[in-house]
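Step one of this worksheet: look at the structure below.
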Amino acid sequence: MKNKRIFYMLFIAVVLPLIFLTQSALGATSTTSVLHDTYVDQGLPSTNFGTENHVKIGSNGQKLGFILFNLTDKPTNYVDAQLILKITTIVTEAVLDVNVYSVPNNSWAETDLTWNNKPSYTELIETFHVDYDELMASTGGYSISINITDYVSGQAVSFAFATNSTESDYCGFTAKDNINLPDSYNPIIQWTISDIVSPTGGDDPPYWRR
């Protein structure tokens, strides 16, 4: 009986505070805005679409989307990073699967990119589903969230978007140059932040992010 009482006292004194600390420590978030967002079109290989309202993806693989983020402002104590896009356009009654790829080259700019000089994309990160009926039922589009925590260790990061569909349909997410929609529709990275301070007192990330 005495051992059980000691166990309960230790649980209340040690374990419960840690549970509440973890919940509060991981509750804060911050965001990074997109630096470049555009698409390229195989049918117009030398045309730049850097000022378009949407980043378009599809058309039998002819339209590829690209986005780039400058990560110099990322929090040092992040524990999770989500790429958030706002799907706001799709043609006909299409259902599309969009593949998200990592792009090793971060030296491109939205005002210069064309099909002819597009960077190569490599690792498949995730595939998300875009449905015409779901978009039509939404109010102003709907958000897609992609876990990119394993890809944001550098000072910049780029992603490419493509479909495997052989149809002419395409979809698109809102680009930052879209003046018809609020900035909250723009692509962002959302960081989940830990408030736990490094044991050294410096800016090192928590041990689980090293």
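The numbers in our numbering rise by one with no breaks, and the one at position 71 of the sequence shown is 110.
Ideal Cβ positions, reconstructed from N, Cα and C, are used throughout, including at glycine.
- When 87, 145, 85 and 132 are compared, the shortest CA-CA separation from residue 190 is found for 145.
- Note on geometry: alpha-carbon atoms of residue 125 and residue 214 lie some 9 Å from one another.
- Bridge pairing for residue 125: 182 [DSSP].
- Scanning 209, 197, 221 and 219 for the CA closest to the CA of residue 228 turns up 197.
- Closest in C-alpha terms to residue 156, from the list 84, 69, 234 and 71, comes 84.
- Under the three-state reduction of DSSP, residue 171 is assigned to helix.
- By the Cβ-count criterion, residue 131 is exposed, with fewer than 16 other Cβ atoms from all chains shown falling within 10 Å of its own Cβ.
- Within the same chain, 101 and 154 come within 6 Å of residue 81 by CB-CB distance, once the 5 residues on both sides are set aside.
- In its chain, beyond the 5 residues on either side, 77, 149 and 150 have a beta carbon closer than 6 Å to the beta carbon of residue 89.
- Between residue 171 and residue 129, the C-beta spacing is below 7 Å.
- Exposed is the label assigned to residue 163, since fewer than 16 other Cβ atoms lie within 10 Å of its Cβ.
- Residue 211 and residue 93 do touch by the CB rule: their CB atoms are close to 3 Å apart, below 8 Å.
- With fewer than 16 other Cβ atoms from the protein chains shown falling within 10 Å of its own Cβ, residue 176 counts as exposed.
- When secondary structure is reduced to three states using DSSP, residue 160 falls in the coil class, being assigned neither helix nor strand.
- Sixteen is the threshold: when 16 or more other Cβ atoms of the shown chains lie within 10 Å of the Cβ of residue 116, as they do, the residue is buried.
- Residue pairing for residue 197: DSSP places it in a beta bridge opposite 107 and 142.
- Pairing residue 79 with residue 135 gives a Cβ-Cβ distance that is not under 7 Å.
- By the 16-neighbour rule on beta-carbons within 10 angstroms, residue 223 is exposed.
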